[in-house]
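See below for the structure under consideration.
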Amino acid sequence: MTIQTSICPRCGQPSEEGLCPECRAADVRLLTCEPYVTAVYCPVCESQKRGKTWSDLQMPHVDLVTELAVSATKIHEDAKDIRITVRAEEVAPNRTACTVEVEAALYGVPVRGTCSTEIRWQKESCDRCSRISGGYYAGNVQVRATGRKINAYEREVAANIAEQTEESLQQAGDRFSFISDLDETKDGVDITVGTQHLGQEISRAITGALGGRFTTHPKLVGEKDGKALYRITYSIRLPFYQKGDVVVSRGNYFEVRDIDGQRLRVFDLTAGVARTLTEDEVERLLGNVREAESALVVFTQPGVMGLMDPRTYQTRELNTVPWTFPVEGQPIRVLRDEEQDRLVIVG
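Number 211 in UniProt numbering belongs to position 211 of the sequence shown; there are no gaps in the numbering.
This is the structure we're talking about:
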């Protein structure tokens with residue numbers, strides 16, 4: 001030690017200036033914890049309230065407990081290389097006791113400290129669930145069909161689209177885009193929605209998937225802050241013919257691929273080309289490709305194939321169609337034309 005070397009006035013160890021790092025670290029309180037932290041959540045949808053704002057951002061319970069415990073902890077500003085461990089214990093249905101352990105470096109000296117806090121869980125109905133329980137709604141989507149009743153497939157598609165659209169908008173942060181009721185009636189499907197945006201998006205998605213069009217019918221229900229308030233009915237009319245229907249026109253078979261007003265965009269199941277038909281040109285409806293049966297290909301020859309009738313198990317000869325490539329021993333999809341006693345290849 002030279003005469004210029006400083007020493008720590010407390011422990012006598014060499015020090016560049018004043019207290020040595022060990023003594024400085026010993027004088028510092030590494031961390032402190034608030035006695036408790038309150039966590040407000042909705043018991044119905046489990047959304048979390050942060051400040052005055054409700055959030056659907058959910059995380060595993062253990063991660064949420066860790067986040068809340070850390071939020072109640074204050075670590076000294078000079079700490080570096082911080083590592084935090086939280087141990088939690090459910091001491092009551094609405095209380096979680098937490099021990100926070102911190103390892104860090106203070107002035108280059110490894111230090112460790114612990115403190116305790118408590119999470120107090122508080123139930124509160126969120127803004128969205130309050131609206132739902134209070135019967136609030138902004139519109140109603142009515143799904144009907146033109147000249148017929150909608151079938152089970154269309155009901156299922158409409159309901160799935162509505163729920164997927166609701167989930168997508170809520171994940172994007174639109175909390176009030178909720179479905180408060182989804183009712184299947186004898187005439188169709190009624191969907192009660194919390195925002196007009198959701199009603200619009202559901203209507204667009206259903207008509208995009210099933211065809212048809214929708215119209216909007218607003219109804220004045222009151223006034224707020226000098227502005228008129230409306231509830232809107234979104235009236236969806238699915239077309240008489242559906243996508244996938246196989247129709248007969250001039251003795252030929254066509255699969256409906258799209259509907260534009262009174263015109264059908266179809267696929268010629270004989271020639272394998274796209275065509276357009278008007279509804280007046282359709283003689284009868286054979287069925288839908290969703291109802292197709294699987295028939296086993298027994299043999300193939302130029303221009304002819306043999307299929308095992310899935311009902312009688314007898315081999316029936318059909319002309320090949322240019323858009324399919326049958327393989328012996330493999331199934332092919334067919335619809336049955338009872339009127340002509342024929343099997344129609346649909347894919």
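By construction, the Cβ of each residue, glycine as well, lies at the ideal position given by its N, Cα and C atoms.
Burial state of residue i, where buried means 16 or more other Cβ atoms lie within 10 Å
| i | result |
| --- | --- |
| S203 | buried |
| E317 | exposed |
| L169 | buried |
| C115 | buried |
| P326 | buried |
| G329 | exposed |
| T207 | buried |
| I132 | buried |
| M305 | buried |
| C11 | exposed |
| V221 | exposed |
| residue 349 | A query on residue 349 cannot be resolved here, the shown segment of the chain reaching from 1 to 347 and no further. |
| residue 355 | A query on residue 355 cannot be resolved here, the shown segment of the chain reaching from 1 to 347 and no further. |
| A138 | buried |
| V273 | exposed |
| S15 | buried |
| A25 | buried |
| I172 | The sequence as given places Ala at residue 172; Ile does not occur at that position. The residue in question, A172, is exposed, as its Cβ has fewer than 16 Cβ neighbours within 10 Å. |
| A152 | exposed |
| A228 | exposed |
Close Cβ partners of residue i (< 7 Å) along its chain, the five nearest in sequence each way excluded
| i | result |
| --- | --- |
| V91 | A97 |
| D81 | A104 and A105 |
| S177 | E166, L169, Q170, G194, T195, H197 and L198 |
| I33 | The question names Ile, yet the displayed sequence has Cys at residue 33. Answer for C33: A72, T73, V100, C115, S116 and T117, listed in chain order. |
| C23 | C8, R10 and C11 |
| I84 | V70, V100 and V102 |
| T270 | N252, Y253 and V321 |
| E17 | S6 |
Same chain, Cβ closer than 6 Å to residue i, five either side skipped, listed in chain order
| i | result |
| --- | --- |
| T2 | Residue confidence for T2 is low, a pLDDT of 48 falling below 50, so the modelled location carries little weight; the figure read from the coordinates is stated next. Correct list: empty, nothing qualifies. |
| Q48 | Y41 and S55 |
| G113 | L30, L31 and V102 |
| W121 | A39 and N94 |
Euclidean distance between Cα positions of residue i and residue j
| i | j | result |
| --- | --- | --- |
| V344 | D337 | 7 Å |
| Q200 | Y234 | 7 Å |
| residue 351 | V246 | Lying before the first or after the last residue shown, residue 351 is absent from the chain, which here runs from 1 to 347. |
| R155 | G188 | 7 Å |
| Q340 | Y313 | 18 Å |
| I191 | S180 | 8 Å |
| Y230 | D127 | 20 Å |
| P218 | G226 | 18 Å |
| L277 | R284 | 13 Å |
| A295 | T320 | 14 Å |
| V86 | V102 | 9 Å |
| R175 | R50 | 14 Å |
| W323 | P302 | 14 Å |
| Q142 | E184 | 10 Å |
| E279 | Q262 | 6 Å |
| D260 | R311 | 36 Å |
| E89 | T53 | 28 Å |
| L286 | L182 | 32 Å |
| F267 | K224 | 53 Å |
Beta-carbon proximity list for residue i, same chain, < 8 Å, skipping 5 on both sides
| i | result |
| --- | --- |
| K244 | Reading the sequence as shown, one finds Gly at residue 244 and not Lys. Once the five neighbours on either side are set aside, the close Cβ partners of G244 are E255, V256, N288, V289 and R290. |
| P35 | T117 and E118 |
| R144 | I150, D187, G188, S235, I236, R237 and L238 |
| E281 | S249 and R250 |
| S125 | C42, P43, V44 and S133 |
| M59 | E67 |
Any chain C beta carbon closer than 8 Å to residue i
| i | result |
| --- | --- |
| T312 | Judged by its chain identifiers, the structure shown contains no chain C, having just a single protein chain. |
Flag this pair as touching only if the region 105-123 and the region 152-159 have three or more C-beta atom pairs under 8 Å; answer yes or no. No, because fewer than three Cβ pairs between the region 105-123 and the region 152-159 fall closer than 8 Å, the two stretches do not touch.
Could you say if the region 139-155 and the region 61-74 meet the contact criterion of at least three C-beta pairs nearer than 8 Å? Touching, no, given that fewer than three Cβ pairs across the two stretches are closer than 8 Å.
Kindly provide the ranges of any alpha helix (DSSP H) runs that are 4 or more residues long and lie completely inside the region 121-205, ordered along the chain. As for any alpha helix (DSSP H) of minimum length 4 sitting wholly inside the region 121-205, the runs are 127-133 and 152-171, ordered along the chain.
Cβ contact (3+ pairs, closer than 8 Å) linking the region 236-243 and the region 207-227: Remark: three or more beta-carbon pairs, one from each stretch, lie closer than 8 Å, so the region 236-243 and the region 207-227 are flagged as touching.
Tell me the start and end of each unbroken beta strand (DSSP E) in the region 211-236 that is at least 3 residues and wholly inside, in chain order. Entirely contained in the region 211-236, the beta strand (DSSP E) runs reaching 3 residues are, in chain order, 213-224.
What are the complete beta strand (DSSP E) segments, minimum 3 residues, inside the region 267-340? Correct list: 274-278, 284-288, 293-301, 304-308, 315-319 and 331-337.
Would you list, in sequence order, the uninterrupted alpha helix (DSSP H) runs of no fewer than 4 residues that lie entirely inside the region 48-110? List check, alpha helix (DSSP H) in window: 61-71.
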